[in-house]
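What follows is a set of notes on a single structure, which appears directly below.
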Amino acid sequence: MRFMAFAFKNLFRRPLRTGLTITGVALAVAVAVSLIGFNIGYRQSIDVSIDKLGFQVMIMAKGCPYEAATMMLKGGTGLVYLPSSTYDKVRSDPDISAITPIFVGVAEKEGSGISDESASSFAIISGIEVESFVSMKPWMTMSQSAGHQGGRWFADEATGEVVLGFEVAEYEQRKVGDSYYMSITPYGQTEPVMSEFKVAGILERTGTQDDGTVFMPIGLARSLFNRPTELTIVGFKLKNFSGFALRQFEQRWAQLPEVQVVGLQQVKTTLVSLVETAQTMIASVAVVAIIVAIIGVINSIMMSVFERTGEIGIMKAIGASKSDIFQIIWLETMAICLGGGIGGILLALSGTSLVEKAIQSLIDFGTRGSMVAITPQVMLVALLGSAVVGCFAGLYPAWRASSMRPVEAIREGE
Amino acid sequence: MSNNTETMVAPIISARGLKKHYQRGIETIKALDGVSLDIRAGEMVSILGPSGSGKTTLINLLSCLDAPDAGELLIAGRSVSGLVEEELVNVRQGVLGFVFQKFHLLPTLTVAENVELPLMFLRRAVDREKTLEILRQVDLENRAGHLPKELSGGQMQRVAIARALITDSKVLIADEPTGNLDKANGEAVFALFRRLVSEKNLAVIVTTHNLALGGLADRIITLEDGLVIDEHLRQ
Ligand SMILES: Nc1ncnc2c1ncn2[C@@H]1O[C@H](COP(=O)(O)OP(=O)(O)OP(=O)(O)O)[C@@H](O)[C@H]1O
Ligand SMILES: [Mg+2]
Chain R
3 MRFMAFAFKN LFRRPLRTGL TITGVALAVA VAVSLIGFNI GYRQSIDVSI
53 DKLGFQVMIM AKGCPYEAAT MMLKGGTGLV YLPSSTYDKV RSDPDISAIT
103 PIFVGVAEKE GSGISDESAS SFAIISGIEV ESFVSMKPWM TMSQSAGHQG
153 GRWFADEATG EVVLGFEVAE YEQRKVGDSY YMSITPYGQT EPVMSEFKVA
203 GILERTGTQD DGTVFMPIGL ARSLFNRPTE LTIVGFKLKN FSGFALRQFE
253 QRWAQLPEVQ VVGLQQVKTT LVSLVETAQT MIASVAVVAI IVAIIGVINS
303 IMMSVFERTG EIGIMKAIGA SKSDIFQIIW LETMAICLGG GIGGILLALS
353 GTSLVEKAIQ SLIDFGTRGS MVAITPQVML VALLGSAVVG CFAGLYPAWR
403 ASSMRPVEAI REGE
Chain F
109 MSNNTETMVA PIISARGLKK HYQRGIETIK ALDGVSLDIR AGEMVSILGP
159 SGSGKTTLIN LLSCLDAPDA GELLIAGRSV SGLVEEELVN VRQGVLGFVF
209 QKFHLLPTLT VAENVELPLM FLRRAVDREK TLEILRQVDL ENRAGHLPKE
259 LSGGQMQRVA IARALITDSK VLIADEPTGN LDKANGEAVF ALFRRLVSEK
309 NLAVIVTTHN LALGGLADRI ITLEDGLVID EHLRQ
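So the sequences go chain by chain: R and F. 46 is the number that the working numbering gives to position 44 of the first sequence; each next residue is one higher, with no gaps. 163 is the number that the working numbering gives to position 55 of the second sequence; each next residue is one higher, with no gaps.
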């Protein structure tokens, strides 16, 4: 008989005690794993929500209005432009994960026939780089309602195409493929120039000011306004979004004399603080859970080894050396911890998916993603962690019992 | 008395002036207060004495399961005083076999596995034939696959004796082996000891309260208050 076989016989022929010990370890592991998984999942789903905000920070020239309403009121006169050198400077910032340049201009609309008697109304034009812009606002999709089918983005080098915000199209009753007219006054001239564009696509309603915007390639917008290298807004996403990172970023770039840094207000005030408090709370709960789990594992293993002090004494009396005892206890503890670890992970996986389903049936978070992310790394760490903790927990009573004289150990075990 | 020429043979266990004192508060309990004895192959020695006279203490010292406060102990000619734990394991292994009052079989192992357990610690190969042969000597060959809980007390004690025999021990040391057995089973155990002494030339040391059983040994030693007060050969 080898030690391995002996250890397994000890475990399998005491199914109740082995089962209880494994259950103890499994429960501890399950609690820790689900909380850590929840922490990670929560962080991920918050990250997704932050992603959905589009850009988190904007840089624009000092004094430039960035609310659509203000632009309308001022008739575009308040717009101030940044030189492209500013863009080149900020794009090298190490903390940003995405950047997109935007050229905003205001065009006149005349004789649309639907608007009131006033000769001119305005259209806000955003010149954009399609790929970087859309990657920041991934929810912007082409509307598929009647007359809107077949919409698409324009190519960056296209010269005669625009994409309309939902409300623009609705107001002017445009369909995909229709013509769209705007008068633009190029910089340095006084007379507006009327241009005709083809509607390449119409966006789904977003509920933001993008609904009232006409999008065109940034190069086209720049040349129509005769400002070939300038831009209005630079939108950013930060790599590790937090209130702290945001403030740091703001401070860094507010030093440039020509720019103002605008963090999205609602992001700053609500989400950031919300995320941060929730994170700390969950993290501290997870720490407590891990401590409880460690104590749980230690307790289960220690009790099961202490209980066998007498048996260890007998094994010593019939010829077992200290290292023999250690090997046996180590093997048994390993088996219990791995069993408990695997059981705990399975328990956490099934338990959290049940709880999640229950919660989601009660409250609609509007999120598709899972709130609990039990990643392979978490499982591996839980498994190794319980094995390491278990071995330390098992070795102490084993050491104690094997250090006793056999007679003492036998007497204590009686 | 088995054989007078055996007194010429070197003893397997030789003890001189063994002392073991326990401190209980300010009182010193002299559990053993200078005991000397020799045990040779082929003889059965019983140790008698009232409760608390030091029988278990003496047995534990002779087994190297406990260390004396004073005195000299030679096992197979080798002095064990000052040896550390791991060295004591080596001295015991293959020489001394133990039988306890409460049997102390491992509950998770079958009869055969319990008997073979010491071989695992000695890193010796298991030979099931030999196991069965030894079980036959204790009349349990048909119980090899049973768990201890399925046996009677007398059967469990015979398994424990088989376990002590598997390593070809030279000496069997048994503390109150019949303490938990009824009269018939107790007598069977002593009869088995006698047979092992004569057939295998073993030495057996056994303690007991039972004067009749003790009287079956070749030599009867009586302890009182940690001292040998009487030693005589079987009449
Ligand atoms: N670990 C110990 N600590 C303190 N005193 C002890 C210890 N072990 C034994 N003694 C004392 O030593 C004396 C001898 O005890 P021992 O167990 O050797 O007696 P015994 O002859 O085996 O008795 P019994 O027939 O009841 O088994 C007793 O007075 C006992 O109380
Ligand atoms: Mg006793």
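Backbone N, C-alpha and C define an ideal beta-carbon position, used for all residues, glycine too.
Cβ contact annotation for F:G261 (same chain, cutoff 7 Å, sequence separation greater than five): N288, L289 and N293, in chain order. Shortest Cα-Cα distance from R:P140 to any of R:S388, R:F57 and R:E313 involves R:F57. For F:K127, the enclosing beta strand (DSSP E) starts and ends at I121 to R132.
Distance from the C-beta of F:S154 to the nearest heavy atom of ligand 1 is not below 6 Å.
Per DSSP, the unbroken beta strand (DSSP E) holding R:V165 starts and ends at E163 to L166.
Nearest C-alpha to R:A256 among R:V59, R:Q211 and R:D212: R:V59. Taking C-alpha positions only, R:G152 is separated from R:I204 by approximately 9 Å. F:N168 reaches chain R at R407, P408 and V409, counting residues in chain order whose Cβ is nearer than 9 Å. Between R:V374 and R:G43, the C-beta spacing is below 7 Å. Per DSSP, R:K318 is one residue of the alpha helix (DSSP H) stretching across T311 to A319.
When rounded, the separation of the alpha-carbon atoms in F:L259 and R:T311 is 23 Å. By the Cβ neighbour-count rule, R:T102 is buried, with 16 or more other Cβ atoms within 10 Å of its own. The contact set of F:K210 on chain R, defined by CB atoms closer than 8 Å, consists of E416 in chain order.
Two segments are said to touch when three or more pairs of C-beta atoms, one from each, lie closer than 8 Å; by this definition the segment 343–363 of chain R does not touch the segment 137–148 of chain F. Listed by position along chain F, the residues whose Cβ is nearer than 9 Å to that of R:F308 form an empty set, because the closest Cβ is around 17 Å away. Residues of the segment 294–311 of chain F with a C-beta atom less than 7 Å from some C-beta of chain R do not occur.
Judged by the Cβ position, F:A178 fails to qualify as a neighbour of ligand 1 at the 6 Å threshold, every heavy atom of the ligand being at least this far. A check of alpha carbon separations from F:L213 across R:A125, R:I320, R:D90 and R:L258 identifies R:I320 as the nearest.
Remark: the shortest separation between the CB of F:T275 and any heavy atom of ligand 2 does not fall under 6 Å. Cβ proximity to chain R below 9 Å picks out E193, E194, V197, N198 and R200 from the segment 182–200 of chain F. For F:I329, the closest C-alpha among the options F:P176, F:L273, F:L196 and F:S161 is that of F:S161.
Of all residues in the segment 15–31 of chain R, those with a C-beta nearer than 9 Å to a C-beta of chain F are R15 and R16, reading in chain order.
Cβ-Cβ separation between F:I281 and F:S171: approximately 5 Å, consistent with a contact (criterion under 8 Å). By the 16-neighbour rule on beta-carbons within 10 angstroms, R:P399 is buried. The segment 185–200 of chain F and the segment 141–156 of chain F do not touch, with fewer than 3 CB-CB distances between them shorter than 8 Å. Scanning F:R342, F:Y130 and F:V223 for the CA closest to the CA of F:V267 turns up F:V223.
Sequence-ordered contacts of the segment 221–244 of chain F with chain R read E221, E224, L225, P226, M228, F229, L230 and V234 [C-beta pairs closer than 7 Å]. F:K163 sits in a helix when the DSSP states are folded into three classes. Taken through DSSP and simplified to helix, strand or coil, R:D158 comes out as coil.
Within the model, the alpha-carbon separation for R:A247 versus R:I98 is close to 10 Å.
Close CB contacts of F:F208 within its chain, under the 7 Å cut and outside five residues either way in sequence, are with A268 and D283 (chain order). Pairing F:P158 with F:K128 gives a Cβ-Cβ distance that is not under 7 Å. Taking all protein chains in view, the Cβ of R:F14 is surrounded by fewer than 16 other Cβ atoms within 10 Å, so the residue is classified as exposed. At a Cβ-Cβ threshold of 7 Å, R:N228 and R:Y189 count as neighbours.
Rounded to whole angstroms, the separation of the alpha carbons of R:M283 and R:C393 is 31 Å. If you draw a straight line from the Cα of R:V108 to the Cα of R:A223, it is about 10 Å long.
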